[in-house]
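One structure below.
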Amino acid sequence: MAIRANPKLIEELEPYGAEDVMKCYHCGNCSAVCPFSQDPYVFPRKPMRNLQLGLEEKLEGDLDPWLCYYCGECSDQCPRDAEPGETMMSLRRWLTSRYDWTGISRLFYRSWRWELGAIILVAVITAIAFSLFGLSQGSLADYDGPNAFLPSSAIHIFDWALAVVLLVLLLSNATRMWWFTMGRDKTLRTSLGGYVRSLWMLPAHFLTQIRYSQCDRKAPWVTHLALMLSYVVMLVLIMFFLAEMASGPSIDWRVHVLGYLATAGLVVSTILFLRNRTKKSAPQYQHSHESDWIFLVLILVVALTGILQHILHRSGLDVAANVTYIVHLSLVVPMLALEVPFSKWSHLAYRPLAIYLAHVRAIALARSRQGDEAARRGAEPATPLRAA
Amino acid sequence: MTFEPKIVGFLCNWCSYSGADLAGTSRIHYAPNIRVIRVMCSARIDPTFVIKALADGADGVLVCGCHPGDCHYSEGNYKTMRRMPLLKRMLADFGIEEERVRLEWVSASEGKRFADIVDDMTERLRELGPSPVKMALAGDAGER
Amino acid sequence: MAEPRTGVFICNCGTNIAKMVDCDAVAEAASSMPGVAVSRSYKYMCSNPGQEMIAQDIADHGLERVVVAACSPRMHEPTFRRAAETAGLNPYLVEMANIREQCSWVHDDAVAATEKAEDLVRAAVLRVAHHEPLERLTVDMCPNTLVIGGGIAGTTAALELADAGELVYLVERQPGLGGNVGRVDLTAPYLDSARDMLTDRITRVVEHPDVDVMVNSELKRLDGFVGNFKATIAVHGPDGAEEERQVDVGSVIVCTGYREFDAARATHFGYGKLPNVVTSFEFERMLRAGRIETKEGGLPQYVAVVHCVGSRSEEFNGYCSRVCCMTALKYAHEVKSALPASYVSDVYVDMHAFGKGCEDFYRRSAEVKTLFLMYGKGEHPVVRRADPGDDCEMLITVDEQLSGETIELPADLIILMVGMEPREDAESVAHLVNISQDKDGWFIESHPKLDPVATTTDGVYIAGACQAPKDIPDSVAQARAAAGRILGKISKGKLEIDAMFAEVDEDRCSGCRVCNEICPYSAIEFDAAERRSHVISALCKACGACVATCPSAAIKARHFTDAQIFAEIAGVLG
Amino acid sequence: MASDKLQIALYWAAACGGCDVAVLDTDEFILDVAAAADIRLWPIAVDGKYADIEAMEDGELDLTIFNGAVRNSENEHLAKLLRAKSKLLVAFGSCAHLGGIPGLANLTSRDEILSTAYLHNPTIERGNKTLPLPESGVNGSTLTIPGFYKHVYKLDDIVPVDYYVPGCPPAADQVKAVLQAVVAGDLPAVGSVVGASDRALCEDCARVKSEKRIKHFYRPWQIMIDPEACLLEQGILCAGPATRSGCGARCPSSGIPCRGCYGPLPGVVDQGAKLLSAVVSVIDSTDPAEIERIVDGLPDFVGFAYRFGMPASLLQRSVRQ
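Chains as they are written, first to last, in the numbering used here: chain A, 1 to 388; chain B, 1001 to 1144; chain C, 2001 to 2574; chain D, 3001 to 3321.
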């Protein structure tokens, strides 16, 4: 069955960062040096070929880009400077925008103005909304207590509401991802058992990102893990212990410890990443997409405003603390509302999911191969016919 | 003692004679029964030469030229290729055994092949025995 | 007759000969052979003392013939001929017996080897008695040159010779000069204009006082031999009138070039059926016209270039046509610069980017985002009309090797890179100037590596794509090389011809003409008036085929006469 | 009996008699001969006895024109006798010159010939077992017939010959020329061939010759022969290129290929080998199998190539023991 080539697709990909793909002449060095590239997931050469030929459906159904951690070995080895690593990165961005049914993601990735604009817009709305809300039921002079400007109980409800919305978006996109990569492939003989048995991989890989450690360079893994864990810890704290965090000195010290650690983690790791990207210290930092900058900066400023707010509050400067809180929230909200479902943040979810699905897929493929073997064997008579 | 045949070899200068030289430079040993006569091209080999050699007492005649298509003079060996079949038929009518006259293509790089050919021909002629020509021509002098 | 006084010199070659052949015994035996006045065995005959010994004996014993029994004549015959010459003996009165390569080195029975050595020496002694002193002939070298073909190679060769002040006759079949290069727009890999290159050359050729250009003309006959050809050229006038010209030339350069493969033969590309499937030369015409468009006059969105059309296939020509790959890349550049919105695909088998600047050019083609699709050798893409809904006019189905998929590639304009073939008249040209063609029909050079411009016929040279597919720089280099070779000969003024050649005894020739067809060099000329055949000694390469064939024994092979060979036969048989 | 007339003998050995007829073909010129010479021996024309010859002194004869090969003891005896008695001995005609048609017998053996001729020939009365014996007793006395040799010899195998007149038979005008030369006494070097030229027959052959390429050999009856073109070029085996001219190319001019009766050209040591080389070298093929097929068109080539010259060839005879 012939597949239609689409020479135009490459242009669609360029805004996502895939600019050198056409230079590739398929020597295969990239796939050879990649520690993750192995049957049935051979990359980056194969996805690059599909991209050159514009085999859209194949690319869409491809899990390979998520199995890459962009250690940059391939780009180092490439004799044609076709940047296979960056191509994989661009494919991840493109896939994110494909999984997202709203089309917002595509909009963001193709234009940083849109992304930034949206962030600012959401920030302003948030700021105004929370200010009005605060003034309507409390006093700017009170950080906590009955007259608190932004009572944690209220914020908590808001957080959960937002969380639900994000979860829905994320799940719907994840489902699309599953459909593209597994669901619509009729030839694939997956079984529910297969899915269930491998389910443990999701949390495991989410929390450890252990595959990343298989890259020759370990530093990126550590930083990446640190950033991710700090983020998660902070998320957990906010979603479950917001009250304790908000109210005064009487609260449990352990909360503080984790809070401080997470904050430190966020600040340090983002600064490190930003430094790397500005210095272009390693191949994977050579080409920074606008979305990368926005993402890092956003996390950093969220963390910083968080710290500032905390200090002000502890120093009893409640007014300043409240103002900072508004600023903090007007940064947190776009970060969550926009980055999580529509931009870089989402890979936090897609990558472990991809590893999980890839595993299930591999098993299914292996089984179907054995099946074919068996079928072939069955075709021959078990015992040779004898003449009567 | 076994009969040792005398073979006259007519070799073209460019392929076969060089091939025979190569056998020498590569120290490939072969039977000493052959006596080589060099001509520029196998096409120079007049059938008369072959008959003359037999009449003068040769037990066998070996004719060598470049492989067809490789002739230094582009087409010379084709003339040889055309002459030999009829010559062999004619000699057969004279009662001369087919094995006594042999045509082989030997290139400048086939020293081994040349040596093998000489050994093989010598062996066949040993089995065949002396050429009848000399005896026939000597035989009748007295008795008519 | 009384045998001439002969000296026999047995070389021991250190121990190379002596260890297997009893050289003294051979020398002893030789001393009693007919005519032998002196017979010696010496360690190294080829050494200076050895050669002086020969010269001395020639003087002391008044030797008229010399036999040296040593290595192969292919090794040292020139050495000993010189030695004899220094002593005033004609070099052709020397004969060698090969008792090393064909005796001591190949035998292990000393007795038999010695016996054989004696036979070989006897053969040489008897043979040399029949030798005759021979003189090398010299003929005049006519400085004019005939150049056949007015393409890039022909014009280059003509200018090279004419600029050196020699007269050139340039014969071109077409009404104008320029050949195939004249049909090209830009050239790979430097994208400079073929037109500029040519127009400059052509104007120079046409205006050059020493170049006699004949267009609408063709060579009818070529008689004579190196240095002394007579060329008959038919010049077609505009009114269809044909005028014959006879010119004297000393050399001929064949630059007849090539013709392109007929794309219609490769039916699966739909050439001739689908309007927008064009050959590279048809596309060059578009480029020269400065407008890339479909037959319908629209601008193509998808342009596909198909490589190896008629080349590197079992079906058509097995060889690579060498210029197509880079030309195809050139098209990618030209299309992209003319139509930035278009998409160019290259459907190829292997990318042959040999030669200066070509690999870089290939790299740069990635910058214009060319999409390369690789199909397997022995397979071929298939072109079909696209379906109504498609945004393209045609679809090329390729079993794409790099993806392992069967790909349908959209195309609005398809350019077939047609390969090179020998011209339809190559065979007749080869016959006219008496050169040979290889299995594909290209003219054969005298040595593929060491002598790529000369041919098996002295004085006839080949240059350009008539020898094999070639690009412009190679053609130009070959043309200049040929010109250089000719200028070298001209500067000598005379040609020396080997003393070994065949001659017809006209008192014996009955004009039966059996020999005429025998000569591979057409060196035998039949004089119809005299009813005799002559050998043109300058053309004769002394193979002796005619000598062995002449039923009247009227042709004599100098230095390989019947008498000499009969003597040798008698000699080896003791 | 002394006479100032030219003393000549003509003898007929192993031959068909055609040579004698050729002498008679000189018509009235023979009368001039008779007038100018005493014909001492000429078995078919005048009455002369061997005894008379034996009685002669050596060299008494000025000229003996000897035709026929030497096949038996009588031929040899007469050859030696006439040689001794003659100043000039001329080998006259192909048989004496080269062995001639009788020479073809050298391809078989004496026994084969005798058994064919006297035992197995279809015309032999059935059951007849009579073989000729050199000696046989007839009522007391002994009859002898000449001994039949194993091989056929040309005249100069037996005795030295002064001149050769080739041809089967020699052309009548050549006969005249020779006799006139003898009378006039202007003779070429001893041992030379007279009455023939040093060029091949093609010299005199009127057929148009061009370059030769042979794809197929034909027997004359197999094709319509082009009367203008060279026979060999038409694929018809013609010995002309390998044969002395002198006959006036009578055969080819009447559409019959030359058979080579005038013998090889000077410098040719084996007429058959030369003819072979000439006719097959121009075969138009480079494929061994095809060449074999083309050569199939030349049956009994040995018989053709040595039709008149077997005993004069390098091998002279079949070497089968």
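All residues carry an ideal CB built from backbone N, CA and C; glycine is no exception.
Because the structure is a prediction, the values reported are computed rather than measured.
Quick check on residue i: does DSSP put it in helix, strand or coil?
i, result
"residue 2075 (chain C)", "helix"
"residue 3165 (chain D)", "strand"
"residue 2443 (chain C)", "strand"
"residue 2011 (chain C)", "strand"
"residue 1079 (chain B)", "helix"
"residue 2396 (chain C)", "strand"
"residue 2047 (chain C)", "coil"
"residue 2524 (chain C)", "strand"
"residue 26 (chain A)", "coil"
"residue 2105 (chain C)", "coil"
"residue 62 (chain A)", "coil"
"residue 18 (chain A)", "coil"
"residue 2558 (chain C)", "coil"
"residue 49 (chain A)", "helix"
"residue 3087 (chain D)", "strand"
"residue 340 (chain A)", "helix"
"residue 3308 (chain D)", "coil"
"residue 75 (chain A)", "helix"
Write down the C-beta distance between residue i and residue j rounded to the nearest angstrom, noting that I regard them as a contact closer than 8 Å.
i, j, result
"residue 2551 (chain C)", "residue 3278 (chain D)", "4 Å"
"residue 3257 (chain D)", "residue 3236 (chain D)", "5 Å"
"residue 1027 (chain B)", "residue 2105 (chain C)", "6 Å"
"residue 2102 (chain C)", "residue 1020 (chain B)", "5 Å"
"residue 2429 (chain C)", "residue 2120 (chain C)", "That pair is no contact at about 47 Å."
"residue 73 (chain A)", "residue 34 (chain A)", "6 Å"
"residue 2160 (chain C)", "residue 2479 (chain C)", "7 Å"
"residue 3218 (chain D)", "residue 3245 (chain D)", "At roughly 24 Å, the Cβ-Cβ gap does not stay under 8 Å, so residue 3218 (chain D) and residue 3245 (chain D) are not in contact."
Mind checking who residue i pairs with in its DSSP beta bridge?
i, result
"residue 3148 (chain D)", "D:3072"
"residue 1064 (chain B)", "B:1011, B:1104"
"residue 1038 (chain B)", "B:1011"
"residue 2345 (chain C)", "C:2304, C:2371"
"residue 3092 (chain D)", "D:3067, D:3165"
"residue 2006 (chain C)", "C:2036, C:2065"
"residue 3037 (chain D)", "D:3006"
Relative to the ligand HEM, is the shortest distance from any of its heavy atoms to the C-beta of residue i smaller than 8 Å?
i, result
"residue 3006 (chain D)", "In terms of ligand content, the structure shown is empty, and the ligand HEM therefore cannot be addressed."
Any idea if residue i is buried or exposed, counting beta-carbon neighbours within 10 angstroms, 16 or more meaning buried?
i, result
"residue 388 (chain A)", "Unreliable positioning characterises residue 388 (chain A) in this predicted model, as indicated by a pLDDT of 32, which lies under 50. A coordinate reading is not provided."
"residue 2111 (chain C)", "exposed"
"residue 3011 (chain D)", "buried"
"residue 2417 (chain C)", "buried"
"residue 2346 (chain C)", "buried"
"residue 2467 (chain C)", "buried"
"residue 3101 (chain D)", "buried"
"residue 1050 (chain B)", "buried"
"residue 1133 (chain B)", "buried"
"residue 2271 (chain C)", "buried"
"residue 2051 (chain C)", "buried"
Every unbroken beta strand (DSSP E) within the stretch 2301-2338 of chain C, with a cutoff of 3 residues, ordered by chain: 2302-2309
4-residue-minimum alpha helix (DSSP H) runs that sit fully inside the stretch 143-230 of chain A, ordered along the chain: 152-178, 192-197, 201-208
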